[in-house]
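Asker: Going down the list, the sequences are from chains G and U.
Sequential numbering of the first sequence, starting at 72, is according to the numbering used here.
Sequential numbering of the second sequence, starting at 72, is according to the numbering used here.
Please read through the structure below; I'll follow up with questions.
2 protein chains.
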Amino acid sequence: MLNMARLKVLKEVAYRGSLSSAADALSYTQSAISQQIAALESEAGMALLERHPRGVSLTAAGQTLVGHAEGILARLDAAEAALSEIAGLRGGRLRMASFPTAGATLMPLAIATFRALHPDVELTLVEAEPEEIVPRLRAAELDLALLFEFASESLLGEDMTRVELLVDPMYLALPPNHRLAKKAKLRLSELQEEAWVQTSSSSPCARHVVRCCHAAGFEPSVSFESDDYQTVQGLVAAGVGVALIPELALSVVRDDIVIRALSPAPPVRRVIAAAPASARLVPAAPAMLGVLEEAATHYKALGAPIG
Amino acid sequence: MLNMARLKVLKEVAYRGSLSSAADALSYTQSAISQQIAALESEAGMALLERHPRGVSLTAAGQTLVGHAEGILARLDAAEAALSEIAGLRGGRLRMASFPTAGATLMPLAIATFRALHPDVELTLVEAEPEEIVPRLRAAELDLALLFEFASESLLGEDMTRVELLVDPMYLALPPNHRLAKKAKLRLSELQEEAWVQTSSSSPCARHVVRCCHAAGFEPSVSFESDDYQTVQGLVAAGVGVALIPELALSVVRDDIVIRALSPAPPVRRVIAAAPASARLVPAAPAMLGVLEEAATHYKALGAPIG
DNA sequence: CATTACTATAAGCTGTACTTATGCTTAACA
DNA sequence: TGTTAAGCATAAGTACAGCTTATAGTAATG
């Protein structure tokens, strides 16, 4: 049976007039397109394209097939649109919240993808800390939220749908001339004499840092606080102290600080997508959950920005 | 993008009312159907089937999708029909010839497949030896033929399309109580004192056997001749001599003879599909060549009937 | 209550289809 | 006429989709 993806390739090739430009348009390599067309021609049992030195054109058979392909693909689009309509993804809204560092990395990716898939859903996003988010989900002020949890502490009850997206390890940021900056891996206990820069002491991140230091056997001396990780990086660069920064906040790293992994097990936060239990889900929520999972998978596949 | 094969599965499931019977109808396992439907539902983002204890039924979304699927699949069939029409595979004829042993094995397989793909092409098949076939192809009395060649001897000129389908090794057939029957592998030179059973001495196979014996340093003493390999097997069973039989003629082996491989390199015949050069090909010929290649691949994949 | 008729899921394997790397051909141009 | 650029084909390696087998779970049926 003829394959849809292949027909789409043929259509694009016909429209663009060359395999290479079709490859660009579809984000494949030229080789992939060449192989797909070859497979299609072998299935058809005849040539569909005439090869010229600067591109290709359709044979009579190719023209016929492209004609049918257009009809088939249009009908396929119609089927997908019908499904979206049924799913309520035509119109409707999705009110989201996320913690700040996800807002800078994961969410933009996911929102762009979702927009492309379901342009008619009205999306809103606010930033908020996890504690704030959970009651607002319960109160139905939000439809979906990204939050984080630290080990063995779950904010969510049974009345919530909960999807773990990633595990976000924390790294140590040091001024480049710091005495420990030469070591690739550090233990937390080596840092008990340091001055610390942190997010504001009421934030869960800061509390977790303090908890980890206690576990390593010391009380951190906190010299500065800022909730903006760019500012934290600036303070570290200025030499006022060291800081623990989660990987998601390291998408941009100043070149006047150094980032070091903590061993053996670094502090981590688990990034969670949460929504009301299934009965109260808005139609767009499961779709966005899917998109978020995919975005998280992509993010992981790209590899940690820091070795 | 929705996948055609999956839609076809959904349609079948809808029609049959259960995954299991759809699996039977499509020659898949129940598990495969279950996974395909699960994938489709995940793509759609919603349930397409309602599961009942004795089968399934369509949800509203499922009904919508099946409706579209029927349209799409119909259009796809139309596209394929159009291609067949262009290729001349709607109507027309294909006159074939093959050597006898291929007639018993490869050809039935290929003919069945071709019939299913192109029911409107009129097929005819006659049996003939290679020498006879080539001039008849030249004379346009045949459109396509299966023949065999022995090493370093090609019957076909440049004016022929030529596709090598398989290499068909020859095995030694012995009576079960024969002194050499215990050895798994034999050399031809161990057989110089034997009485031989052969195809008629004018046949290329017989000539090749004699040639191989000469190469092994002796003249075979031929006691009986028959062009039917079942008869040859019968004569061997009766103890009148030993015989060299090609693998393709061993699809049925009598249980009162034993088959032994020859080492180091057994005599082989190369099985070739031949047709007039491309300009003079009838439309169905390339299609049949494709089917034959596939049939040969399957035959090889099944493994040699004799170790 | 056991059996029957289903569907779901896990684990393993194979083949399809991608990528990267490379070679070949022809047009364009100095 | 050589050189470069544009474009297609093919080889080799890899990843993932989708199959199979095996097994477990669930509700009607006798």
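The beta carbon of each residue, even a glycine, is placed where N, CA and C say it ideally should be.
Note that the coordinates shown come from a computational prediction; the quantities given were computed from them, not determined experimentally.
1. Name the chain G residues whose beta carbon is nearer than 9 Å to that of His369(U)?
2. Looking at the unbroken beta strand (DSSP E) that takes in Gln269(G), where does it start and where does it end?
3. Which chain U residues are close to Leu136(G), counting only those with a beta carbon under 7 Å from its beta carbon?
4. Within 10 angstroms of its Cβ, does Arg331(U) collect 16 or more other Cβ (buried), or is it exposed?
5. Let me know the secondary structure DSSP gives Met75(G) once reduced to three states.
6. Would Pro246(G) count as contacting chain U if we go by Cβ distances under 9 Å?
7. List the endpoints of the continuous alpha helix (DSSP H) containing Tyr99(U).
8. In terms of residues, what are the limits of the beta strand (DSSP E) holding Thr195(G)?
9. How many Å lie between Gly305(G) and Ala96(G) at the Cα?
10. Spatial neighbours of Val362(G) within its chain, please: CB distance less than 6 Å, with the 5 preceding and 5 following residues excluded, ordered by chain position.
11. What does the Cβ neighbour count give for Arg166(G), buried or exposed, with the cut at 16 atoms within 10 Å?
12. Compute the Euclidean distance between the alpha carbons of Asn74(G) and Met75(U), then round it to the nearest angstrom.
13. I want to know whether the segment 142-157 of chain U touches the segment 131-139 of chain G - three or more CB-CB distances under 8 Å.
14. State the start and end residues of the unbroken alpha helix (DSSP H) segment that holds Met178(G).
15. Using the C-alpha atoms, what's the distance from Ile108(U) back to Arg122(U)?
16. Could you round the C-beta distance between Val342(G) and Ala244(G) to whole angstroms and report it? I think they count as a contact, below 8 Å.
17. Under 9 Å between C-beta atoms, does Gly275(G) make it to chain U?
18. Going by the CB atoms, is the gap between Asp214(G) and Ala355(G) shorter than 9 Å?
19. If you measure between the beta carbons of Glu220(U) and Arg340(U), is that distance less than 9 Å?
20. Leu217(G) and Glu364(G): beta carbons closer than 9 Å?
21. Quick check on the burial criterion: 16 or more other C-beta atoms within 10 angstroms. Buried or exposed for Ala309(U)?
22. Looking only at its own chain, which residues have a Cβ that is under 7 Å from the Cβ of Ala173(U), when we skip the five neighbours before and after it?
23. Tell me whether Gly378(U) is buried or exposed, calling it buried when 16 or more other Cβ atoms sit within 10 Å of its Cβ.
24. Is the segment 279-286 of chain U close to the segment 294-304 of chain U, with three or more CB pairs under 8 Å?
25. Looking at the structure shown, is Ser274(U) part of a helix, part of a strand, or coil, going by DSSP?
26. Does the beta-carbon of Glu290(G) have 16 or more other beta-carbons within 10 angstroms, so that it is buried, or is it exposed?
27. Smallest Cα separation from Met359(U): which of Met117(U), Gly163(U), Ala140(U)?
28. Rounded to the nearest angstrom, what separates Thr130(G) and Gly116(G) at their Cα positions?
29. Of the residues Lys254(G), Leu227(G), Ala158(G), Gln269(G), which one's Cα is nearest the Cα of Glu114(U)?
30. Please report the Cβ distance between Ala314(G) and Gln263(G), rounded to the nearest whole angstrom; I am assuming they are in contact, meaning their Cβ atoms lie under 8 Å.
31. My parser needs the alpha helix (DSSP H) runs of 4 or more residues fully inside the segment 233-266 of chain U; what are they?
32. Quick one: which residues of the segment 114-141 of chain G get their C-beta closer than 8 Å to a C-beta of chain U? List them in chain order.
33. Considering only C-alpha positions, which residue in the set Glu265(U), Leu160(U), Asn248(U), Ala252(U) is nearest to Glu193(U)?
34. Between Gly228(G) and Ser260(G), is the Cβ-Cβ spacing less than 9 Å?
Answerer: Based on what the coordinates show:
1. Counting from 1 along the second sequence, the entry for residue 369(U) is found at position 298. Under the 9 Å cutoff, chain G gives no residues; its nearest Cβ is about 17 Å from His369(U).
2. Within the first sequence, the letter at position 198 stands for residue 269(G). Residues 266-269.
3. Position 65 of the first sequence, counted from the first residue, corresponds to residue 136(G). Ala150, Leu154, listed in chain order.
4. On the second sequence, residue 331(U) is found 260 positions in, with the first residue counted as 1. Result: buried.
5. In the first sequence, residue 75(G) corresponds to position 4, counting from 1. Three-state DSSP puts Met75(G) in a helix.
6. For the purposes of this step, residue 246(G) is taken as residue 175 along the first sequence, with counting starting at 1. It does not: the Cβ of Pro246(G) has no partner Cβ on chain U nearer than 9 Å.
7. As a working note, residue 99(U) is residue 28 in the second sequence. Bounds of any alpha helix (DSSP H) do not take in Tyr99(U), whose DSSP letter is neither H nor E.
8. Indexing the first sequence from 1 puts residue 195(G) at position 124. Its beta strand (DSSP E) spans residues 193-198.
9. Along the first sequence, one-based indexing puts residue 305(G) at 234. Along the first sequence, one-based indexing puts residue 96(G) at 25. Rounded to whole angstroms, Gly305(G) to Ala96(G) spans 41 Å at the Cα level.
10. Residue numbering aside, residue 362(G) sits at position 291 when the first sequence is read from its first letter. Ala181, Thr184, Phe185.
11. Along the first sequence, read from residue 1 onward, the residue named residue 166(G) stands at position 95. It counts as buried.
12. Within the first sequence, numbered from 1, the residue matching residue 74(G) stands at position 3. Within the second sequence, numbered from 1, the residue matching residue 75(U) stands at position 4. Across the structure, Asn74(G) and Met75(U) are spaced so that their CA atoms are roughly 7 Å apart.
13. The segment 142-157 of chain U makes contact with the segment 131-139 of chain G: 3 or more CB pairs, one atom from each, lie closer than 8 Å.
14. To locate residue 178(G), count along the first sequence from 1; it is residue 107. Element bounds for Met178(G): 177-188.
15. By 1-based counting over the second sequence, the position of residue 122(U) is 51. By 1-based counting over the second sequence, the position of residue 108(U) is 37. If you draw a straight line from the Cα of Arg122(U) to the Cα of Ile108(U), it is about 12 Å long.
16. Position 271 of the first sequence, counted from the start, is the residue given in the question as residue 342(G). Position 173 of the first sequence, counted from the start, is the residue given in the question as residue 244(G). Contact doesn't hold; Cβ gap of about 20 Å is too wide.
17. For the purposes of this step, residue 275(G) is taken as residue 204 along the first sequence, with counting starting at 1. Checking the displayed sequence, the identity of residue 275(G) turns out to be Pro instead of Gly. For Pro275(G), no CB of chain U lies under 9 Å from its own CB, so it is not counted at the interface with that chain.
18. Stepping through the first sequence from its first residue, residue 355(G) is reached at position 284. Stepping through the first sequence from its first residue, residue 214(G) is reached at position 143. Yes, the Cβ-Cβ distance between Ala355(G) and Asp214(G) is below 9 Å.
19. The residue labelled residue 220(U) in the question sits at position 149 within the second sequence. The residue labelled residue 340(U) in the question sits at position 269 within the second sequence. In this structure, Arg340(U) lies closer than 9 Å to Glu220(U) by Cβ.
20. Sequence index remark: in the first sequence, residue 217(G) carries index 146 (1-based). Sequence index remark: in the first sequence, residue 364(G) carries index 293 (1-based). No. Outside cutoff.
21. As a working mapping, residue 309(U) is identified with position 238 in the second sequence. Note on Ala309(U): under 16 other CB atoms within 10 angstroms of its CB, so exposed under the neighbour-count rule.
22. Numbered from 1 along the second sequence, position 102 holds the residue referred to as residue 173(U). In chain order, Leu217, Leu319, Val342 place their CB closer than 7 Å to the CB of Ala173(U), counting only its own chain and leaving out the 5 sequence neighbours on each side.
23. In the second sequence, residue 378(U) corresponds to position 307, counting from 1. Legend: pLDDT at Gly378(U) = 42, less than 50; position of this residue unreliable, no value from coordinates given.
24. They do not touch, by the three-pair rule.
25. Start at 1 with the first residue of the second sequence, and residue 274(U) comes out as number 203. It is coil, neither helix nor strand.
26. Counted from its first residue, the first sequence places residue 290(G) at position 219. Exposed, because fewer than 16 other Cβ atoms sit within 10 Å of the Cβ of Glu290(G).
27. Locating residue 359(U) in the second sequence gives position 288, counting from the first residue. The shortest Cα separation from Met359(U) among Met117(U), Gly163(U), Ala140(U) belongs to Gly163(U).
28. As a working note, residue 130(G) is residue 59 in the first sequence. As a working note, residue 116(G) is residue 45 in the first sequence. Straight across, the Cα-Cα distance linking Thr130(G) with Gly116(G) is about 13 Å.
29. Within the second sequence, the letter at position 43 stands for residue 114(U). For Glu114(U), the closest C-alpha among the options Lys254(G), Leu227(G), Ala158(G), Gln269(G) is that of Ala158(G).
30. Within the first sequence, the letter at position 243 stands for residue 314(G). Within the first sequence, the letter at position 192 stands for residue 263(G). Your pair Ala314(G) and Gln263(G) does not check out as a contact, with CB atoms roughly 15 Å apart and the cut at 8 Å.
31. For the segment 233-266 of chain U, not a single whole alpha helix (DSSP H) run of length 4 or above is found.
32. Contact annotation: in the segment 114-141 of chain G, residues whose CB is within less than 8 Å of a CB in chain U are Ala115, Gly116, Met117, Ala131, Ala132, Thr135, Leu136, His139, Ala140.
33. Counting from one through the second sequence, the residue named residue 193(U) turns up at place 122. Selected option, being the one with the closest Cα: Leu160(U).
34. The count along the first sequence starts at 1 and reaches residue 228(G) at position 157. The count along the first sequence starts at 1 and reaches residue 260(G) at position 189. No, Cβ-Cβ distance for Gly228(G) and Ser260(G) is not below 9 Å.
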